[in-house]
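> Supplied in structure tokens, the structure appears directly below.
Residue numbers (this note's numbering): 1 to 391.
Here is the structure:
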């Protein structure tokens with residue numbers, strides 16, 4: 001493709017190709033392909049158990065990948081102003097839909113997290129996450145750059161407005177994830193170390209309150225802490241999958257644990273991968289996630305724009321934390337959270353929301369002209385515009 005696109009040609013597509021971070025794009029597409037390969041093992045047993053065609057989940061995932069790739073590419077063309085506008089609209093609509101889901105949505109596993117549009121189901125909290133990160137980064141950056149703008153107060157208000165509808169569903173996992181990313185943004189925006197300690201204490205208090213007031217949270221913690229209670233068959237089979245697979249795996253399609261794990265195609269796809277492909281392949285998958293996170297943080301450090309730096313850091317943290325939580329649950333380092341592995345687990349809402357978030361990330365990490373202030377111009381040169389070209 002680079003040979004087909006000359007730097008001398010000035011079209012929107014060539015401008016995009018020569019300014020986008022191609023390493024980041026390649027890693028994201030590699031994750032999508034890996035997800036299809038691993039779903040060939042985890043999907044069929046679940047499909048057969050509920051009376052669907054053998055490769056139902058694999059075919060649906062492949063079908064969802066087309067709009068996913070298109071959305072990533074489309075969003076990556078946006079300017080910084082376009083990113084902020086789209087994120088704000090998505091966040092407002094997502095919060096409203098979360099409230100409607102909690103009130104009118106169908107009950108699934110004791111929670112009301114979905115909105116049904118005919119045969120299509122939508123989990124609005126998935127779309128709230130990336131939009132919230134961008135809007136919070138915008139508020140923090142405006143507060144840092146403009147004294148007349150109460151950005152810090154707005155950023156503080158954004159958190160309760162976002163997580164209260166999630167707690168009403170209830171969705172403690174997504175609430176915890178969004179809060180952790182918000183704390184990371186607060187820290188990167190210049191939070192004093194004393195406030196870090198205060199937020200840490202408040203976070204522990206929130207977890208304790210969830211344990212006291214949410215029955216399903218208390219039940220999961222109790223099962224996690226008491227391994228001999230006999231109620232954690234998911235925990236047993238997720239452990240057994242890695243023990244059975246060893247370093248090199250039992251071979252594609254030869255796993256046993258997936259026949260006992262009810263969410264082998266979503267929450268526990270990492271366990272199925274460990275059994276059939278082995279620990280070495282799992283470590284390669286971890287390395288791929290680590291590359292995306294480290295690449296994002298490196299690009300965030302390079303940018304001079306406060307909003308871009310905060311948004312890239314937040315989106316990268318969101319992506320990395322979600323992957324870490326899923327893999328920690330699969331390896332029995334955390335209680336079950338019901339969180340998907342990005343681009344690997346099956347799920348239409350998950351894929352499209354990830355496309356939105358990574359589309360934001362690809363757009364924000366594109367090479368943009370530096371802003372040049374009039375006071376920084378060498379003597380004798382022509383006047384420059386104060387604002388950056390792409391802002």
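For every residue, glycine included, the Cβ atom is placed at its ideal position computed from N, Cα and C.
Cα separation between residue 296 and residue 312?
7 angstroms
> Between the Cα of residue 275 and the Cα atoms of 260, 320 and 287, which residue gives the shortest distance?
260
> Identify the continuous beta strand (DSSP E) that holds residue 122 and give its terminal residues.
120 to 122
> Using a Cβ-Cβ cut-off of 8 angstroms (strictly less than) and excluding sequence neighbours within five positions of residue 357, which residues of its own chain qualify?
129, 130, 133, 315, 318 and 319
> Determine the extent of the alpha helix (DSSP H) in which residue 55 is found, giving its start and end residues.
No alpha helix (DSSP H) contains residue 55, which DSSP labels as neither H nor E.
> Which one of 46, 23, 30 and 25 has the shortest CA to CA distance from residue 272?
46
> Would you report the Cα separation of residue 11 and residue 21, rounded to the nearest angstrom?
18 angstroms
> If we require 4 or more residues per run, which alpha helix (DSSP H) segments fall completely within the region 108 to 184?
124 to 145 and 151 to 168
> Can you give me the C-alpha to C-alpha distance between residue 13 and residue 303, rounded to a whole angstrom?
23 angstroms
> Can you give, in chain order, each stretch of the alpha helix (DSSP H) that sits fully within the region 254 to 303 and has at least 4 residues?
269 to 277 and 279 to 302
> With the cut-off set at 8 angstroms, would you say residue 137 and residue 299 are in Cβ contact?
no
> For the pair the region 324 to 334 and the region 101 to 110, tell me if three or more CB-CB distances fall below 8 angstroms.
They do not touch, by the three-pair rule.
> Mind the definition here: the region 181 to 192 touches the region 140 to 158 only if three or more C-beta pairs lie below 8 angstroms; say whether that holds.
As far as the Cβ criterion goes, the region 181 to 192 touches the region 140 to 158, which means the pair count is three or higher.
> My understanding is that residue 111 touches residue 171, with C-beta atoms under 8 angstroms, so please give their C-beta distance in whole angstroms.
6 angstroms
> Between the alpha carbons of residue 19 and residue 366, how many angstroms are there, rounded?
5 angstroms
> Leaving aside the five residues before and after residue 174 along the sequence, list all residues of the same chain whose C-beta is less than 6 angstroms from its C-beta, in chain order.
125 and 166, listed in sequence order.
> What are the uninterrupted segments assigned as beta strand (DSSP E) that are 3 or more residues long and contained completely in the region 9 to 44, given in chain order?
none
> Helix, strand or coil for residue 344? Go by DSSP, reduced to three states.
Three-state result, residue 344: coil.
> Just checking my contact of residue 90 with residue 127 at CB under 8 angstroms: how many whole Å lie between their CB atoms?
6 angstroms
> Going by the beta-carbon positions, is the gap between residue 139 and residue 158 smaller than 8 angstroms?
yes
> When you compare the region 247 to 260 with the region 38 to 45, are there three or more beta-carbon pairs, one atom per stretch, that lie closer than 8 angstroms?
yes
> Exposed or buried, what is residue 339 when buried is set at 16 or more other beta-carbons lying within 10 Å of its beta-carbon?
Classification for residue 339: buried.
> For residue 309, which three-state DSSP category applies?
DSSP, reduced to helix, strand and coil, places residue 309 within a helical segment of the structure shown.
> Assign residue 322 to one of three DSSP states: helix, strand, or coil.
DSSP places residue 322 in helix when its eight states are reduced to three.
> Since residue 90 is in the alpha helix (DSSP H), which residue starts that stretch and which ends it?
From DSSP, the alpha helix (DSSP H) with residue 90 extends over 80 to 104.
> Tell me the rounded alpha-carbon separation between residue 72 and residue 308.
17 angstroms
> Based on Cα-Cα distance, which residue from 202, 250 and 63 lies nearest to residue 36?
63
> Would residue 75 and residue 363 qualify as a contact pair, given that the criterion is a beta-carbon distance under 8 angstroms?
yes
> Let me confirm a value: residue 343 is counted as buried when at least 16 other C-beta atoms fall within 10 Å, else exposed. Which label applies?
buried
> Assuming residue 347 and residue 266 form a contact by the criterion Cβ under 8 angstroms, report the distance between their Cβ atoms to the nearest whole angstrom.
6 angstroms
> Measure from the alpha carbon of residue 92 to the alpha carbon of each residue in 162, 23, 80 and 70, then state which is nearest.
Residue 92 has its Cα closest to that of 162, out of 162, 23, 80 and 70.
> According to DSSP, is residue 72 part of a helix, a strand, or is it coil?
helix
> Hey, residue 200 and residue 248: beta-carbon distance below 8 angstroms or not?
No, the pair does not count as a contact, with Cβ atoms beyond the cut-off.
> Determine the contact status of residue 288 and residue 27, defining contact as a CB-CB distance below 8 angstroms.
yes
> Is the beta carbon of residue 321 less than 8 angstroms from the beta carbon of residue 181?
yes
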